[in-house]
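What follows is one structure encoded as structure tokens, with my remarks underneath.
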Amino acid sequence: MRELDVGLITEAVARLCVEACCELSADVRTLLEKARTEEESELGCFVLDQVLANLEVAAREQLPICQDTGICVVFLEIGQDLHLTGGDLTAAVNAGVRRGYQEGYLRKSVLSPLTRVNTMDNTPAVIHTRIVPGEHLKITVAPKGAGSENMSRLMMLKPADGVAGVKRFVLETVTAAGGCACPPLIVGVGIGGTMEKAALLAKEALIRPAGTYHPDPAVAALEKELLVLINQTGIGPQGLGGKVTALAVQIETYPTHIAALPVAVNLQCHVARHRSVIL
Amino acid sequence: MATWKELHTPARPEELSGLTSGDRVSLSGVVYTARDVAHQRLVARLEAGQPLPFDLENQALFYVGPSPTPPGKIIGSCGPTTSSRLDVYTPALLAKGLKIMIGKGPRSPQVVAAIRRYQAAYLVATGGAAALLAQCVKEAALVAYPDLGPEAIYRLEVERMPLIVAVDPQGRDLFAQDNPSNK
Numbered sequence: 019m020r021e022l023d024v025g026l027i028t029e030a031v032a033r034l035c036v037e038a039c040c041e042l043s044a045d046v047r048t049l050l051e052k053a054r055t056e057e058e059s060e061l062g063c064f065v066l067d068q069v070l071a072n073l074e075v076a077a078r079e080q081l082p083i084c085q086d087t088g089i090c091v092v093f094l095e096i097g098q099d100l101h102l103t104g105g106d107l108t109a110a111v112n113a114g115v116r117r118g119y120q121e122g123y124l125r126k127s128v129l130s131p132l133t134r135v136n137t138m139d140n141t142p143a144v145i146h147t148r149i150v151p152g153e154h155l156k157i158t159v160a161p162k163g164a165g166s167e168n169m170s171r172l173m174m175l176k177p178a179d180g181v182a183g184v185k186r187f188v189l190e191t192v193t194a195a196g197g198c199a200c201p202p203l204i205v206g207v208g209i210g211g212t213m214e215k216a217a218l219l220a221k222e223a224l225i226r227p228a229g230t231y232h233p234d235p236a237v238a239a240l241e242k243e244l245l246v247l248i249n250q251t252g253i254g255p256q257g258l259g260g261k262v263t264a265l266a267v268q269i270e271t272y273p274t275h276i277a278a279l280p281v282a283v284n285l286q287c288h289v290a291r292h293r294s295v296i297l
Numbered sequence: 009m010a011t012w013k014e015l016h017t018p019a020r021p022e023e024l025s026g027l028t029s030g031d032r033v034s035l036s037g038v039v040y041t042a043r044d045v046a047h048q049r050l051v052a053r054l055e056a057g058q059p060l061p062f063d064l065e066n067q068a069l070f071y072v073g074p075s076p077t078p079p080g081k082i083i084g085s086c087g088p089t090t091s092s093r094l095d096v097y098t099p100a101l102l103a104k105g106l107k108i109m110i111g112k113g114p115r116s117p118q119v120v121a122a123i124r125r126y127q128a129a130y131l132v133a134t135g136g137a138a139a140l141l142a143q144c145v146k147e148a149a150l151v152a153y154p155d156l157g158p159e160a161i162y163r164l165e166v167e168r169m170p171l172i173v174a175v176d177p178q179g180r181d182l183f184a185q186d187n188p189s190n191k
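Structure, rendered in structure tokens:
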């Protein structure tokens, strides 16, 4: 059985936090550049020019793309033949977040929900683990800002609402968010499972490479249709009007109960940060 | 619409009155940072009849909680936060002389009405363009509430900050559905 020291996980998480916050991955950047060529509204173009110029400055100056460097969501895919040594996995991930946010001059935005007392080091991370075949560990770090997270929603639809109900709920969520979620957005949608599964699916949809389609052609068709519908709302970049309200719609599905149709919509602003490594 | 207009702080009435929602402006001068808790404390002081830590007359507030300042830099990344969270505090500050607010997203009808009453303006910066906006900051000094960390009030000297007029002194609102320049 392969062994992996959790100290290496701490190092990887720290590095991924800084990279994710200061340099947007190529998939999202490509969609933003495409959006700039498609946008026609004057203010929309003004906003997209600033968004693209900001990416250059952030990378050059090693500054966070956005001052809201988020609460750190960490996905771990752990091979079932991997043996982790040297300490507690959760503590190792949090140590990485602590180090990354300290050394990278990233904002510490995490606090107790009721007392509102800041933990001062951006821990704890929100950690999702999955056991998979193999002997490797895949780490994905996705710092999530509150502007778009606050406008995300979940609804337990009735089966009779069907696909039309799903489309209506996604559109209502994007429209209600307006400019508050910092469009152009990536819209993550989780359909099926249970309440918590739908929410997790929506988040997982957001860490898929941006602009890729679901392997199931029917789901991919729904992604494309929703993107067109969302971009017909006219909300536009930053809600100032325009053609580009979303860069992509990404859906994940899971079987659900005969009596249920859970749908979660997780909105992601244009600073769609995600970085992965396989150890 | 959409020619660049120069705007300076402390606010000048002749510049403010020439603004139309949808205008792009380049702002230079002093802005004070403030977000949720700082607003709460400022309004609490006003209600208690206590003086504010700085004079609000003709001043500008920038809704921002910057990232930490790296060594050798003036400030960390500093883009706008969502303005609507501060709507409940804003009319009281406008009554005290506040003239310019910088944030992102729409304001409540009460705030739009107060902007009109006090001949003020609400400007939006591009959300997420935080490293770019940091380049406009030439000086930063702590003014109040250091215990709030990134939410403390700072006095920033800014040059040519690129903004859009969202609500002008006549109360024309770029986010309102009936604004012709919105679509």
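Chains as they are written, first to last, in the numbering used here: chain A, 19 to 297; chain B, 9 to 191. For glycine and all other residues, C-beta sits at the position ideal for the given N, C-alpha and C.
Close Cβ partners of residue i (< 6 Å) along its chain, the five nearest in sequence each way excluded
i, result
"B/Ala-19", "Asn-66, Lys-107, Ile-108"
"A/His-101", "Met-19, Glu-21"
"B/Leu-13", "Here residue 13 of chain B turns out to be Lys, not Leu, going by the sequence shown. Contacts found: Asp-31, Val-33."
"B/Val-120", "Val-175, Gly-179, Asp-181"
"A/Val-144", "Val-91"
"A/Leu-61", "Leu-258"
"B/Ala-138", "Ser-85, Cys-86, Gly-87"
"A/Phe-93", "His-146, Thr-158"
"B/Lys-146", "Glu-165, Glu-167"
"B/Val-45", "Leu-156, Glu-159"
Beta-bridge partners of residue i, as assigned by DSSP
i, result
"A/Ser-294", "A/Thr-158"
"B/Ala-138", "In the DSSP output, where bridge partners are listed per residue, B/Ala-138 has none listed."
"B/Ser-34", "B/Glu-14, B/Pro-170"
"B/Glu-165", "B/Val-38, B/Glu-147"
"A/Arg-226", "Partner(s): none; A/Arg-226 has no beta bridge."
"A/Ile-149", "A/Ile-96"
"B/Lys-112", "B/Thr-90"
"A/Arg-171", "A/Val-283"
"B/Ala-152", "B/Ile-161"
"A/Tyr-119", "According to DSSP, A/Tyr-119 bridges with nothing at all."
"A/His-101", "A/Glu-21"
"A/Gly-269", "A small fix is needed here, since residue 269 of chain A is Ile in this sequence, not Gly. BP columns for A/Ile-269 point to A/Val-207."
"A/Ala-264", "A/Leu-203"
"B/Ala-129", "B/Ile-108"
"A/Ile-89", "A/Lys-162"
"A/Asn-136", "A/Leu-129"
Short Cβ contact (8 Å threshold) for residue i with residue j
i, j, result
"A/Ala-182", "A/Ala-282", "no"
"B/Ala-133", "B/Gly-87", "yes"
"A/Cys-40", "A/Gly-118", "no"
"B/Gln-143", "A/Val-75", "yes"
"A/Val-188", "A/Val-207", "yes"
"B/Ala-148", "B/Ile-110", "no"
"B/Arg-115", "B/Ser-85", "no"
"B/Val-38", "B/Phe-70", "no"
"A/Leu-42", "A/Ile-83", "yes"
"A/Glu-241", "A/Tyr-231", "yes"
"A/Leu-224", "A/Ile-204", "yes"
"A/Gln-256", "B/Lys-112", "yes"
"A/Leu-70", "A/Glu-56", "no"
"A/Asp-23", "A/Gly-114", "no"
"A/Leu-245", "A/Lys-185", "no"
"A/Leu-49", "A/Ala-236", "no"
Other residues of its chain near residue i: CB distance less than 7 Å, five sequence neighbours each side excluded
i, result
"B/Leu-64", "Leu-101, Lys-104, Gly-105, Leu-106"
"B/Leu-24", "Lys-107, Gln-127, Ala-129, Pro-177"
"A/Leu-129", "Val-135, Asn-136, Thr-137"
"A/Ala-199", "Gly-165, Ser-166, Met-169, Leu-285, Cys-287"
"A/Lys-156", "Glu-95, Ser-294, Ile-296"
Beta-carbon proximity list for residue i, same chain, < 8 Å, skipping 5 on both sides
i, result
"A/Pro-280", "Leu-172, Met-173, Met-174, Leu-175, Gly-208, Ile-209, Gly-210, Gly-211, Thr-212, Met-213, Lys-215, Ala-216, Thr-274"
"A/Gln-85", "Arg-125"
"A/Gly-196", "Ile-253, Gly-257"
Quick one, which residues of the stretch 62-73 of chain B are near chain A if we go by CB-CB under 8 Å, in chain order?
Here the close residues are Val-72, Gly-73.
Of all the residues that make up the stretch 212-235 of chain A, which are near chain B by a beta-carbon distance shorter than 9 Å?
none
Residues, ordered as in the chain, of the stretch 153-181 of chain B that lie near chain A by beta-carbon distance below 7 Å:
Gly-157, Pro-158, Pro-170, Ile-172
Compile a chain-ordered list of the residues in the stretch 36-70 of chain A whose CB is closer than 7 Å to at least one CB of chain B.
Glu-60, Leu-61, Phe-64, Val-65, Gln-68, Val-69
Whole alpha helix (DSSP H) elements within the stretch 20-87 of chain A, 4-residue minimum:
Correct list: 24-40, 44-56, 60-79.
Within the stretch 54-94 of chain B, ranges of the beta strand (DSSP E) (whole runs, at least 3 residues)
Qualifying beta strand (DSSP E) stretches, in chain order: 68-70.
Positions along the stretch 249-281 of chain A whose CB lies within less than 7 Å of some CB in chain B:
From the stretch 249-281 of chain A, only Gly-252, Gln-256, Gly-257, Leu-258, Gly-259 have a Cβ closer than 7 Å to chain B.
Return the residues of the stretch 124-140 of chain B that lie within a Cβ-Cβ distance of less than 8 Å from chain A, sorted by chain order.
Val-132, Thr-134, Gly-135, Gly-136, Ala-137, Ala-138, Ala-139, Leu-140
Please identify, using Cβ separations under 7 Å, the residues of the stretch 83-113 of chain A that lie next to chain B, in order along the chain.
Ile-83, Cys-84, Gln-85, Thr-87
Check distances from the C-beta atoms of the stretch 23-52 of chain B to those of chain A and list, in chain order, the residues that come in under 8 Å.
Under the 8 Å Cβ criterion, the stretch 23-52 of chain B contributes Gly-30, Arg-32.
Between the stretch 71-96 of chain B and chain A, which residues of the former have CB atoms less than 8 Å from a CB of the latter, in chain order?
Under the 8 Å Cβ criterion, the stretch 71-96 of chain B contributes Val-72, Gly-73, Pro-74, Ser-75, Pro-76, Thr-77, Pro-78, Lys-81, Gly-84, Ser-85, Cys-86, Gly-87, Thr-89, Thr-90, Ser-92.
Relative to chain B, which residues along the stretch 123-141 of chain A have a C-beta separation below 9 Å, given in chain order?
Tyr-123, Leu-124, Arg-125, Lys-126, Ser-127, Arg-134, Asn-136, Met-138
Going along the chain, which residues of the stretch 101-119 of chain B sit with their C-beta nearer than 7 Å to a C-beta in chain A?
When CB distances to chain A are screened at a threshold of 7 Å, the residues of the stretch 101-119 of chain B falling below it are Lys-112, Gly-113, Pro-114, in chain order.
Positions along the stretch 172-189 of chain A whose CB lies within less than 8 Å of some CB in chain B:
none
For the stretch 141-152 of chain B, list every residue whose C-beta sits within 9 Å of some C-beta in chain A, in sequence order.
Cβ contacts with chain A come from Leu-141, Ala-142, Gln-143.
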